[in-house]
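J.: Counting with the numbering used here, you get residues 285 to 1095 for the letters of the sequence shown.
Cβ atoms here follow ideal geometry from the backbone N, Cα and C, with glycine treated the same way.
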Amino acid sequence: MWGHIALFIIKYRSWLLGLIAVSTVYMAWVAKDVQMTYDFAQVVSPKDPDMVYFQQFKKTFGEDGNILVVGMQDSSVFKLKKFQQYDQLTENLVKVQGVSGVLGIPKLINIEKDTINNRFVTAPVFKQVPTSQAQLDSLMRVVNSIEFYKGQVIAPRSGATLLAITLDPTFLNSNKRGAVMDNILNLTEKFEKESGIKLHYAGLPYVRSTMTSKVSAEMKFFALLMVAVMAVILYVFFRTWSAVVVPLLVVVIVMIWCIASIVLLGFKINLLTGLIPSILVVISVPNCTYLLSRYHFDYRKSGNQILAMTRVIRKIGLITLVNNTTTAIGFFVFTFTDIAILYQFGLVATINIFVAFIISFIMIPAVFTYLPGPTDKQLEHLDSKPLVGIVHFLDFIVLRRRRTIYLTAAVLVGLAAIGISRIEAVSYMVDDLPKKSSVNEDLSFFEARFGGVMPLEFVVDTKQPKGLLKLPNLQKIDQFDKFLQAQPELSTPISMVTFLRAAKQAFYNGNPDFYKLPDNDDKNFILSYLANSQGQGKNSTSKLLKTFTDSTQQRARISVKIADIGSHKLDTLVNRRIEPAIKRIFAGTDMVVRRTGTTVIFTKGNEYVIGTLGESLMWAFGLVAVVVLLLFHSVRTIFYALIPNILTLTLTAGVMGYFGIALKPSTALIYVIALGIDGDNSIHLLAKFRQEMAIANRSVSEAITNTLSEAGTSMFYTSIVLFIGFSIYGFSEFGGTKALGVLMGASLLITNFSNLVFLPALLVTFERGGSWHTPKAALVHHYDENYHEEDDDMDQNLQRLSVERTPVKTT
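Laid out in structure tokens, this is it:
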């Protein structure tokens, strides 16, 4: 079959190149509409009970992650001139399209008692901009007397203050987010410059915006860097510009198709899909180098370009397709999950791996049969002395030092076991950003002064309508609220009881001593005031109450902010401290407390993704086994293919432990990808070994020598390309991307030992004195038949080609 494919490509190369050109122009037109995602990755199944509950929570109480926080710690802000500038900043922020609310000292409201109508009303503390320092100081005394804002807007101990900017969710999750964030930051930076007050930023909108910008920048940077590095590698290998320009043209076309496919599939670029274009550069170039090195090898034998190229396609077409299939398997298994970000990553990568295979197998033969044949100097790389020396060394230790190989493998596995024991499964909300980034530095500012900014929510269900109006229920919620407030990792909670405390303080004319839950003596008066406050327009308290309770007054929301303490400490805090406290406080009641919020979903997502990736790894092993079984029809060969890869993954995990790389979603997926890429080498070597053993009277040792001489060379070339390519990710600012570079680089180095040393040693040990028989139904027989087809037969087939070339020379 591959002989016919080779003849078809050569005969219709002009038409095929034209088709690729036209299709690429269309894909480039489609790719211009690609968009970045503006939401955090959805890594928990939408059917998961916690996710379902979180969605219900947002419908009832509103978003929990749509607040941008701007903080400062500078007493000069309370000087008249700078405070006026601060007030002007808040006025300007309110006018920004996409901002639905601003809460800061100049915009604080106070609850006041309306004794005429027996109700509460809200009024701004700063009804107008202060015009004198004495007026400002007087109003600040009022602010400091309102206990409700302590720990929320003002940090009592440090004197730091914050500005909370609420963003409209319709802008937050759209491509308008960038403009909204830019407008806000332009205003705050202007204030910072004019006032000289240092500002700090936090909140999920800011983190998301920062990550989106960095993903976009890194996507472009790594794509260009990959192309540049691959160009250098290709020139070093082949010493001819045609061998650089044409593969890079293939790479550019594949990248265009990749970005267009994201648009056509209805996806957006996120932290994972943003990596695919540069990953495809790494995967596409080995296809090209493999074709070109084999083309040069056969051209030196035949002296004829068309004959050499048709032999290349015929001989390595099937095995290269199988290699690309096993690579694709490492990505395809992600489509079995119901996690959107992994599904999209797997589907886009899988499709474009095969696109890269098809384009390279059309363009390389088509273009290079038009170009002049390689010169003797350009063929010198085939006799590279260092490479020949490496191959001879590998042959020596495989045939003469197998015990040393097995002992070395055993020692490495033992050392890897120690490294694996050091691996921790821990992740942080801003894990992928650099430790010294402005985001992390600002986050530390808020954690030290306000307890954190990451949202953590609790919902208390009294199990009966208007249950929140019963004093015993409120006392239980108040007790739980005070417990949360005592936890150093949490900010001051805000809930219905904090609002009732504020209402009591207002009822007693703002006396801070009365900032506490109403008791039996004043409960009825305060609740009647609150009831009269409902539906009284913009001066009512109903809007405030709505964010704390549901419409039936059965469920209450307790909202706190938490420091980014990591999944380990978060699990300890929630399950060993908060959950026991909930059981103790609410014991003997029908009330149920449930935790939710973005932070809870994030933690659940880590557990979910790591578990899902474990399943994906098993699927990957299973699919690779199926490919091997189809190729060889031999169960024994499956073990030959998988054992070296198990060794590679084990040693890579050891490296992960020694480098202190934590197990988290962004690092766990590396093992599935590595299995797909490293599995290529095993299948490649086994197929070549099978072909060598098919030659009559050839011994195992002779087959191994020839296999290492031919397949080993191309495998070594490929490993160098892949190693250098993936190592580039080590320069990323994202922790997960950097880990991808380190671990994939380690995996590709280790796979040389596993597949060029350990696997051949296994074959010599267990196939010694035997013969390698494979059923005729096995796909590998097509590989053998293609490889041993007589050149004269191919010469006769070439007579059917209508090409303007010099008559074919036979060898």
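Between Ser-568, Glu-891, Gly-287, Ile-842, which lies nearest to Ser-851 when the distance is taken from Cα to Cα?
T.: The residue given as residue 851 occupies position 567 in the sequence shown. When each option's Cα is compared against that of Ser-851, the closest is Glu-891.
J.: Could you check whether Lys-397 and Asn-816 sit closer than 9 Å to each other, using their CB atoms as the reference points?
T.: For the purposes of this step, residue 816 is taken as the residue at position 532 of the sequence shown. For the purposes of this step, residue 397 is taken as the residue at position 113 of the sequence shown. Result no, Cβ atoms of Asn-816 and Lys-397 do not sit closer than 9 Å.
J.: Report the partner residues of Met-738 according to the DSSP bridge assignment.
T.: Within the sequence shown, numbered from 1, the residue matching residue 738 stands at position 454. Per DSSP, Ile-846.
J.: Can you tell me whether Leu-784 is helix, strand or coil according to DSSP?
T.: Locating residue 784 in the sequence shown gives position 500, counting from the first residue. Here Leu-784 sits in helix by DSSP.
J.: Given that a residue counts as buried once 16 or more other Cβ atoms are within 10 Å of its Cβ, and exposed if not, what is Ser-1003?
T.: Against the sequence shown, residue 1003 aligns to sequence position 719. Ser-1003 should be labelled buried.
J.: Quick one, which of Leu-1027, Val-378, Gly-1009 has its alpha-carbon nearest Leu-509's?
T.: In the sequence shown, residue 509 corresponds to position 225, counting from 1. The residue with the shortest Cα to Cα distance from Leu-509 is Gly-1009.
J.: Give the DSSP-derived three-state secondary structure of Ile-553 in the structure shown.
T.: As a working mapping, residue 553 is identified with position 269 in the sequence shown. Strand.
J.: Quick one: grab the DSSP three-state call for Thr-406.
T.: Along the sequence shown, one-based indexing puts residue 406 at 122. In this structure, Thr-406 counts as strand in the three-state DSSP scheme.
J.: I'd like to know whether the C-beta atoms of Ala-549 and Pro-489 end up nearer to each other than 9 Å.
T.: The residue given as residue 549 occupies position 265 in the sequence shown. The residue given as residue 489 occupies position 205 in the sequence shown. Per the sequence presented here, residue 549 reads as Leu, with Ala not at that position. No. Outside cutoff.
J.: Do Val-528 and Tyr-519 count as a contact pair if the criterion is CB distance below 9 Å?
T.: By one-based count along the sequence shown, residue 519 stands at place 235. By one-based count along the sequence shown, residue 528 stands at place 244. Yes, the pair counts as a contact, with Cβ atoms nearer than the cut-off.
J.: Give a yes or no on whether 9 Å exceeds the smallest Cβ distance from Pro-414 to chain D.
T.: Among the chains in the structure shown there is no chain D, since it carries only a single protein chain.
J.: Please classify Lys-822 as buried or exposed, where buried requires at least 16 neighbouring CB atoms within 10 angstroms.
T.: The sequence position of residue 822 within the sequence shown is 538, counting from 1. Confidence in Lys-822 is poor, its pLDDT being 48 and thus under 50, which makes the residue's placement unreliable; the coordinate value appears in the next sentence. That one is exposed.
J.: To which residues of the same chain is Tyr-1067 closer than 7 Å at the C-beta, ignoring the five residues directly before and after it?
T.: By 1-based counting over the sequence shown, the position of residue 1067 is 783. Low confidence applies to Tyr-1067: its pLDDT is 48, below 50, so where it sits in the model is not reliable enough to give any reading.
J.: With distances taken between CB atoms, is the gap from Arg-878 to Phe-742 smaller than 9 Å?
T.: In the sequence shown, the residue the question calls residue 878 occupies position 594. In the sequence shown, the residue the question calls residue 742 occupies position 458. The answer is yes: Cβ separation under 9 Å.
J.: By the 10 Å Cβ neighbour count, where 16 or more other Cβ atoms means buried, how is Lys-766 classified, buried or exposed?
T.: Position 482 of the sequence shown, counted from the first residue, corresponds to residue 766. Result: exposed.
J.: Which term fits Met-593, buried or exposed, when burial requires 16 or more other beta carbons within 10 angstroms of its beta carbon?
T.: Walking along the sequence shown from the start, residue 593 turns up at place 309. Looking at its Cβ environment, which holds 16 or more other Cβ atoms inside 10 Å, Met-593 is buried.
J.: Short check: CB of Phe-615 to CB of Gly-630, under 9 Å?
T.: Within the sequence shown, the letter at position 331 stands for residue 615. Within the sequence shown, the letter at position 346 stands for residue 630. Yes, the pair counts as a contact, with Cβ atoms nearer than the cut-off.
J.: Is the CB-CB distance between Lys-342 and Asp-348 below 9 Å?
T.: As a position in the sequence shown, residue 342 is number 58, starting the count at 1. As a position in the sequence shown, residue 348 is number 64, starting the count at 1. Yes, they are a contact pair.
J.: Could you give the residue range of the alpha helix (DSSP H) that holds His-484?
T.: Numbered from its first residue, the sequence shown carries residue 484 at position 200. No alpha helix (DSSP H) contains His-484, which is instead part of the beta strand (DSSP E) from 484-486.
J.: Measuring CB to CB, does Ala-786 end up less than 9 Å from Ile-481?
T.: As a working note, residue 786 is residue 502 in the sequence shown. As a working note, residue 481 is residue 197 in the sequence shown. Going by C-beta atoms, Ala-786 is not nearer than 9 Å to Ile-481.
J.: Starting from the C-beta of Leu-838, find all residues in its chain whose C-beta is less than 8 Å away, skip the five residues before and the five after it, and write them out in chain order.
T.: As a position in the sequence shown, residue 838 is number 554, starting the count at 1. The identity of residue 838 in the sequence shown is Gln, whereas the question assumes Leu. Result list for Gln-838: Asp-745, Thr-746, Lys-747, Gln-748, Pro-749, Lys-750, Gly-751, Leu-752, in chain order.
J.: How big is the Cα-Cα spacing for Phe-345 and Ser-775?
T.: Mapped onto the sequence shown, residue 345 falls at position 61. Mapped onto the sequence shown, residue 775 falls at position 491. One C-alpha to the other measures close to 19 Å.
J.: Excluding five sequence neighbours on each side, which residues of the same chain lie with their C-beta closer than 8 Å to the C-beta of Asp-848?
T.: Taking the first residue of the sequence shown as position 1, residue 848 is located at position 564. Only Tyr-712, Met-713, Val-714, Leu-727, Glu-731, Gly-736, Met-738 meet the Cβ criterion.
J.: Run through DSSP, which three-state label would Gly-388 get?
T.: Position 104 of the sequence shown, counted from the first residue, corresponds to residue 388. Three-state DSSP puts Gly-388 in coil, outside helix and strand.
J.: With a cut-off of 8 Å on the beta carbons, I'd call Ser-900 and Val-632 a contact; round off their distance for me.
T.: Numbered from 1 along the sequence shown, position 616 holds the residue referred to as residue 900. Numbered from 1 along the sequence shown, position 348 holds the residue referred to as residue 632. With a Cβ gap of about 16 Å, Ser-900 and Val-632 do not count as contacting.
J.: Would you say Ile-930 and Lys-760 are within 9 Å of each other, going by their C-beta atoms?
T.: Within the sequence shown, the letter at position 646 stands for residue 930. Within the sequence shown, the letter at position 476 stands for residue 760. No, the pair does not count as a contact, with Cβ atoms beyond the cut-off.
J.: Return yes when the Cβ of Tyr-1001 is within less than 9 Å of the Cβ of Tyr-574, no when it is not.
T.: For this step, residue 574 is matched to residue 290 along the sequence shown. For this step, residue 1001 is matched to residue 717 along the sequence shown. For Tyr-574 and Tyr-1001, yes; Cβs fall inside 9 Å.
J.: Following the continuous beta strand (DSSP E) through Asn-394, name the residue where it begins and the one where it ends.
T.: As a first step, residue 394 must be located in the sequence shown, where it is residue number 110. Its beta strand (DSSP E) spans residues 393-398.
J.: Write down every uninterrupted run of the alpha helix (DSSP H) in the stretch 443-504 whose length is 4 residues or greater and which is fully enclosed by it, in chain order.
T.: If we require 4 residues or more, the alpha helix (DSSP H) runs fully inside the stretch 443-504 come out as 453-456, 461-479.
J.: Please tell me whether Leu-935 and Leu-696 are closer than 9 Å, where the distance is taken between their beta carbons.
T.: On the sequence shown, position 651 is the one that residue 935 refers to. On the sequence shown, position 412 is the one that residue 696 refers to. Yes.
J.: Figure out for me which residue from Lys-1022, Met-780, Thr-653 has the closest Cα to the Cα of Lys-295.
T.: Residue mapping note: residue 295 aligns to position 11 of the sequence shown, counting from 1. The shortest Cα separation from Lys-295 among Lys-1022, Met-780, Thr-653 belongs to Thr-653.
J.: Helix or strand or just coil, what does DSSP make of Ile-540?
T.: Your numbering for residue 540 matches position 256 in the sequence shown. Helix, per DSSP.
J.: Of all the options Leu-1046, Asp-797, Phe-410, which has the alpha carbon lying nearest to the alpha carbon of Asp-371?
T.: Here residue 371 is taken as the residue at index 87 of the sequence shown, counted from 1. Ranking Leu-1046, Asp-797, Phe-410 by Cα distance to Asp-371 puts Phe-410 first.
J.: Check Lys-800 in the structure and name its three-state DSSP category.
T.: For the purposes of this step, residue 800 is taken as residue 516 along the sequence shown, with counting starting at 1. Three-state DSSP puts Lys-800 in coil, outside helix and strand.
J.: Just the Cα atoms here: how many angstroms apart are Ala-840 and Asp-834?
T.: Start at 1 with the first residue of the sequence shown, and residue 840 comes out as number 556. Start at 1 with the first residue of the sequence shown, and residue 834 comes out as number 550. Near 7 Å, if we compare the C-alpha coordinates of Asp-834 and Ala-840.
J.: Measuring alpha carbon to alpha carbon, tell me which of Ser-1016, Leu-992, Ile-961, Thr-997 ends up nearest Thr-1035.
T.: By 1-based counting over the sequence shown, the position of residue 1035 is 751. Per the Cα distances, Ile-961.
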